[in-house]
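Following: one structure in structure tokens, then a few remarks.
So, in structure tokens, the structure goes:
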């Protein structure tokens, strides 16, 4: 399931070259992922209150085109892999003209209160986390 969140570029997100600073794209991607979790009814707050967390372990990001002040950006999020304790989101940020500004592949891991990788507890699992593609080799849902 792919979701799309939108936002408008704000002046304080620009760098000296008057385009969005590279570090800000990571915040945009995070915003998109949190909106994705809300849309699929994933109880992120409940998960953290129960002592679990979803940590980002890797971000592979490609900057394709700059974004500028007042650009209307769409942040696409789609789960592409789900393993026993981790998964991958594919994300794209597009401007109001449909041009791709950024593409990213984001790997996450579920951890318990001790910080050890663990399977998402069944009471928090939602089908929207499952991608439309195959599981990672050797993993089970």
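Numbering (my numbering), first residue to last: 50 to 190.
C-beta atoms are modelled at their ideal positions from N, C-alpha and C, and glycine is treated no differently.
One Cα belongs to residue 142, the other to residue 148, and the distance between them is close to 8 Å.
Residue 161 places its beta carbon 8 Å or farther from that of residue 95.
Per DSSP, reduced to three states, the secondary structure at residue 89 is coil, with no helix or strand assignment. Short of 6 Å from the beta carbon of residue 64, and not among the five residues preceding or following it, lie these beta carbons of its own chain, in chain order: 70. The Cβ neighbour count for residue 135, taken over all protein chains shown within 10 Å, is at least 16; the residue is labelled buried.
With a threshold of 16 other beta carbon atoms within 10 Å, residue 54 meets it and is buried. Close CB contacts of residue 117 within its chain, under the 6 Å cut and outside five residues either way in sequence, are with 68 (chain order). Around the C-beta of residue 72, fewer than 16 other C-beta atoms lie within 10 Å, and the residue is accordingly described as exposed.
Closest option to residue 88, judged by alpha-carbon separation, among 98, 126, 97, 102: 126.
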